[in-house]
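Respectively, the protein sequence lines represent chains A and B.
Quick note: my numbering has the first sequence finishing at residue 459, numbered continuously throughout.
Quick note: my numbering has the second sequence finishing at residue 677, numbered continuously throughout.
All remarks here apply to the structure that follows.
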Amino acid sequence: MAKCDLTIELEDPDRAYHGGDRVRGTIIVRTDKKVHCSNLELTLGWETHGRGNIARATPIQQSVYRGEWQPGEHRYAFDLETTGWPPTYHGHYLNVDHYVRVRAKIPWAFDPKTEIPIRVIPTGDPNAIPPPEPNQMSNVIGFLVAALLVGTLIGFSVAFVFNPFVLAIFGGLALVGSGYWFCFKWLPKWKLGQVNFHVDQQQLAAGEALTGNLSIQPRGNLAINQISMTLSAQEKCVSGSGSNRRTHRHILFEITEMIATTSTVAAGKPAAYPFHLQLPDNAAPTLMLNDNQLIWSLQATVDIPRWPDWKEKKTVTVVPRQNHEVDPAKSGAAETVAPQISFTETAKLIWTVRDDPDQVKRVVSAVIGLQMEFQCVILRRRLADDLPTEHAYPDGTIVQARFSHPELPLTLYAPSERTEEFHEQAGETWQGRGTVVGFDYESQSLQIRIPAEASDRRP
Amino acid sequence: MTTPHASPTYAWLPFGHWHLHRNPFGELTREQRTVAAVVETASLQAVLAEPQGAIQFIGHCGHGKTTHMLALLACYPQATYVYLPPDGPCPPIPTGTPLFIDEAQRLPWRRRREVLRRGGPLVLGTHRDLTSSLKRANYRVHTVNVSAKLSAHRLCEILNRRIALASLGTGTTPHVDLPMAQRLIDRFGHNVRAIEDFLYERIQQYSGVTCGEMRLDD
Numbered sequence: 001m002a003k004c005d006l007t008i009e010l011e012d013p014d015r016a017y018h019g020g021d022r023v024r025g026t027i028i029v030r031t032d033k034k035v036h037c038s039n040l041e042l043t044l045g046w047e048t049h050g051r052g053n054i055a056r057a058t059p060i061q062q063s064v065y066r067g068e069w070q071p072g073e074h075r076y077a078f079d080l081e082t083t084g085w086p087p088t089y090h091g092h093y094l095n096v097d098h099y100v101r102v103r104a105k106i107p108w109a110f111d112p113k114t115e116i117p118i119r120v121i122p123t124g125d126p127n128a129i130p131p132p133e134p135n136q137m138s139n140v141i142g143f144l145v146a147a148l149l150v151g152t153l154i155g156f157s158v159a160f161v162f163n164p165f166v167l168a169i170f171g172g173l174a175l176v177g178s179g180y181w182f183c184f185k186w187l188p189k190w191k192l193g194q195v196n197f198h199v200d201q202q203q204l205a206a207g208e209a210l211t212g213n214l215s216i217q218p219r220g221n222l223a224i225n226q227i228s229m230t231l232s233a234q235e236k237c238v239s240g241s242g243s244n245r246r247t248h249r250h251i252l253f254e255i256t257e258m259i260a261t262t263s264t265v266a267a268g269k270p271a272a273y274p275f276h277l278q279l280p281d282n283a284a285p286t287l288m289l290n291d292n293q294l295i296w297s298l299q300a301t302v303d304i305p306r307w308p309d310w311k312e313k314k315t316v317t318v319v320p321r322q323n324h325e326v327d328p329a330k331s332g333a334a335e336t337v338a339p340q341i342s343f344t345e346t347a348k349l350i351w352t353v354r355d356d357p358d359q360v361k362r363v364v365s366a367v368i369g370l371q372m373e374f375q376c377v378i379l380r381r382r383l384a385d386d387l388p389t390e391h392a393y394p395d396g397t398i399v400q401a402r403f404s405h406p407e408l409p410l411t412l413y414a415p416s417e418r419t420e421e422f423h424e425q426a427g428e429t430w431q432g433r434g435t436v437v438g439f440d441y442e443s444q445s446l447q448i449r450i451p452a453e454a455s456d457r458r459p
Numbered sequence: 460m461t462t463p464h465a466s467p468t469y470a471w472l473p474f475g476h477w478h479l480h481r482n483p484f485g486e487l488t489r490e491q492r493t494v495a496a497v498v499e500t501a502s503l504q505a506v507l508a509e510p511q512g513a514i515q516f517i518g519h520c521g522h523g524k525t526t527h528m529l530a531l532l533a534c535y536p537q538a539t540y541v542y543l544p545p546d547g548p549c550p551p552i553p554t555g556t557p558l559f560i561d562e563a564q565r566l567p568w569r570r571r572r573e574v575l576r577r578g579g580p581l582v583l584g585t586h587r588d589l590t591s592s593l594k595r596a597n598y599r600v601h602t603v604n605v606s607a608k609l610s611a612h613r614l615c616e617i618l619n620r621r622i623a624l625a626s627l628g629t630g631t632t633p634h635v636d637l638p639m640a641q642r643l644i645d646r647f648g649h650n651v652r653a654i655e656d657f658l659y660e661r662i663q664q665y666s667g668v669t670c671g672e673m674r675l676d677d
């Protein structure tokens with residue numbers, strides 16, 4: 001049998017390609033005898049590997065040569081355009097690689113083939129990606145599962161009529177299910193009253209901040225241990241099917257921000273808890289490739305003493321920063337993004353641009369949610385009635401203060417348990433930590449929320 | 460004159476230093492599984508040469524029934540393969556010569572009777588011994604217990620073939636030797652899937668590592 005070897009040589013083999021860049025190289029065919037090739041096929045596409053069932057797409061397919069090869073070496077230059085999505089990604093259970101592949105179809109013989117991986121940096125809109133090749137097995141299974149559910153429903157309806165024992169078993173199961181729902185869904189919700197968990201951005205880029213608000217309006221006075229927001233990225237890969245189906249999960253990144261500590265919300269009064277969580281610059285993007293997914297989610301947890309916790313999860317889509325390479329190994333899993341700017345620098349920046357509301361807004365939005373150490377001079381306590389109270393603690397204190405250099409006005413929101421610190425302190429210097437929550441354009445003051453405990457700073 | 464091309468270093472690949480383009484013990488496509496299968500097919504093909512020849516691969520989950528079937532399937536371009544899911548109605552059983560039915564123990568007796576009445580060579584992957592049903596339909600049955608066939612030598616070949624499939628072809632890849640294969644059998648029994656799961660996690664620890672020696676077991 002004739003020997004036929006294929007090799008791919010790239011012009012720049014270790015180059016990282018952006019979407020739309022040209023991959024140039026040469027296919028080298030070496031044969032020791034005369035060989036008939038019915039098709040020399042060249043493809044460029046992506047494929048997942050790791051623990052999930054393989055997803056793949058080959059958006060570019062070309063026929064390079066058909067005919068007879070004489071013994072010797074034959075070269076075919078190629079020039080292909082890369083697709084920018086999904087990007088090359090190497091995680092724990094989920095990996096995506098792009099390949100240039102070549103296969104020679106030889107009648108009545110094994111088809112020789114070879115491949116070479118290339119690195120692709122994300123560009124373009126992930127919503128406009130060519131979809132992975134449909135997993136026909138999944139469609140069939142989906143249909144079968146739907147048919148099973150309908151069949152089961154009909155079967156049980158008939159069984160309930162003829163056999164009360166079946167009714168008892170499934171009635172028991174339904175009771176357990178509804179008991180779980182009652183304890184862990186209905187009870188916390190009932191305690192919190194009206195809850196509104198809102199995320200400002202459904203889609204955000206790596207390096208950006210995820211902001212939003214959680215507001216509650218309880219029916220009765222509500223004590224809270226703490227309210228926290230957990231932003232996490234998880235690889236979720238499914239392998240096998242049917243009885244061999246297994247789901248593999250790996251937490252890639254997790255950050256928890258405490259947005260409120262021990263406090264009491266007065267009955268019927270709305271309490272708002274804004275949050276601000278920073279994504280790392282090289283955050284891995286959301287990937288949804290059939291059985292291979294990288295999912296970003298934000299979970300809000302309200303810890304209620306001696307009561308089941310209220311929890312709600314929202315999914316957000318993270319897109320890569322343009323031309324930024326994805327490297328989960330360097331994404332600093334489970335690290336908190338520490339503020340890179342001091343309070344003095346923040347105050348100076350705001351002071352410099354204080355006459356331009358747009359600039360002020362830009363600076364303030366960059367530091368919202370950051371907790372900083374600062375020193376200020378207490379001026380006076382304010383009444384809640386003459387100030388915007390969305391950041392105020394229930395039964396807490398609002399204090400007017402100013403920073404020293406520059407003399408930037410500050411509005412401090414202190415919890416009830418720290419009211420003493422600000423009582424009859426006019427003209428005194430106060431030092432501590434607080435979280436920037438906004439800017440009051442009317443009084444031109446930076447709004448800062450003081451945590452419930454002086455040493456409180458938990459990521 | 461053509462410009463000489465530089466050889467790729469693959470330093471950007473997580474296992475580039477180990478001359479692997481991916482973790483060898485992740486999921487494979489059906490085509491890759493066929494290539495990686497270590498199955499002696501010649502004697503099995505002789506069974507299927509008879510019009511009423513039937514082969515059943517028996518074994519527990521993860522022991523290699525489907526891999527055996529896929530390796531044999533590659534020898535028959537006219538064959539048909541069908542997988543019976545655990546839930547839902549049984550899918551239509553196609554015709555094929557031979558006909559491959561995976562998870563054949565899930566075949567309802569009425570459908571089984573129809574398939575056996577049709578005749579023609581059969582290859583079954585099953586958790587339960589179906590010899591009596593097959594014999595009643597005048598089949599000559601050859602049973603392969605895939606769990607019993609796993610020796611250290613064979614495991615060594617299976618694992619090294621998986622590693623070879625992930626090789627970049629740029630240098631020496633990690634290797635499983637006989638003592639290591641025996642240690643893996645002692646620890647995980649004949650469950651190849653459990654062994655592959657263990658090795659996946661083991662190799663994953665070397666992602667991005669560019670020095671030292673890769674140790675595949677303790």
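Glycine included, every Cβ here is placed at the ideal spot set by N, Cα and C.
Any C-beta of chain A under 8 Å from that of residue i
i	result
Arg481/B	yes
Trp584/B	Correcting the residue identity first, residue 584/B is Gly in this sequence and not Trp. By this cut-off, Gly584/B is not an interface position.
Ala508/B	no
Cys534/B	no
Glu486/B	yes
Gly547/B	yes
Own chain residues within Cβ distance below 6 Å of residue i, not counting five before or after
i	result
Val337/A	Confidence at Val337/A is low in this model, with a pLDDT of 34, below 50, so the placement of that residue is unreliable and no value is reported for it.
Residue environment, residue i, which counts as buried when at least 16 other CB atoms sit within 10 Å
i	result
Leu479/B	buried
Leu349/A	buried
Arg24/A	exposed
Thr83/A	buried
Pro473/B	buried
Tyr413/A	buried
Asp220/A	According to the sequence shown, residue 220/A is Gly rather than Asp. When all chains shown are included, Gly220/A counts as exposed.
Arg530/B	According to the sequence shown, residue 530/B is Ala rather than Arg. Label assigned to Ala530/B: buried.
Leu294/A	buried
Coil, strand or helix - residue i by DSSP
i	result
Ile304/A	coil
Gly534/B	Looking at the sequence shown, residue 534/B is not Gly but Cys. Here Cys534/B sits in coil by DSSP.
Asn244/A	helix
Glu373/A	strand
Ile622/B	helix
Asp440/A	strand
Glu417/A	helix
Val635/B	coil
Val498/B	coil
Thr592/B	According to the sequence provided, residue 592/B is Ser. The question's Thr does not apply to it. Looking at Ser592/B - three-state DSSP - the assignment turns out to be helix.
Tyr659/B	helix
Lys3/A	coil
Ile517/B	strand
Phe165/A	helix
Residue-level contact to chain B via CB, residue i, 8 Å cutoff
i	result
His92/A	yes
Gly332/A	Residue confidence for Gly332/A is low, a pLDDT of 37 falling below 50, so the modelled location carries little weight; the figure read from the coordinates is stated next. Not closer than 8 Å to any Cβ of chain B, the Cβ of Gly332/A fails to qualify, so no.
Pro451/A	no
His74/A	no
Ile27/A	no
Arg30/A	no
Arg418/A	no
Ala284/A	no
Leu252/A	no
Asn95/A	yes
Candidates the options, of which the one nearest residue i by Cα
i	options	result
Asp561/B	Val582/B, Ala533/B, Arg620/B	Val582/B
Gln61/A	Leu40/A, Ala366/A, Arg433/A	Leu40/A
Ala147/A	Cys549/B, Val574/B, Asn619/B, Ala611/B	Cys549/B
Asp21/A	Gln203/A, Thr286/A, Glu81/A	Glu81/A
Tyr540/B	Gln663/B, Pro553/B, Gly547/B	Pro553/B
Gln515/B	Arg577/B, Leu503/B, His612/B	Leu503/B
Lys311/A	Gln375/A, Val195/A, Leu410/A	Val195/A
Same chain, Cβ closer than 8 Å to residue i, five either side skipped, listed in chain order
i	result
Ile466/A	In this structure chain A extends from 1 to 459, so residue 466/A is not present and cannot be described.
Phe647/B	Ala653, Ile654, Phe657
Any non-hydrogen atom of the ligand SAM closer than 7 Å to residue i Cβ
i	result
Tyr542/B	Absence of the ligand SAM is noted for the structure shown, with no ligands found whatsoever.
Own chain partners of residue i with C-beta closer than 7 Å, once the 5 adjacent residues on each side are dropped
i	result
Tyr89/A	Asn95, Val96, Ala284, Leu287, Val326
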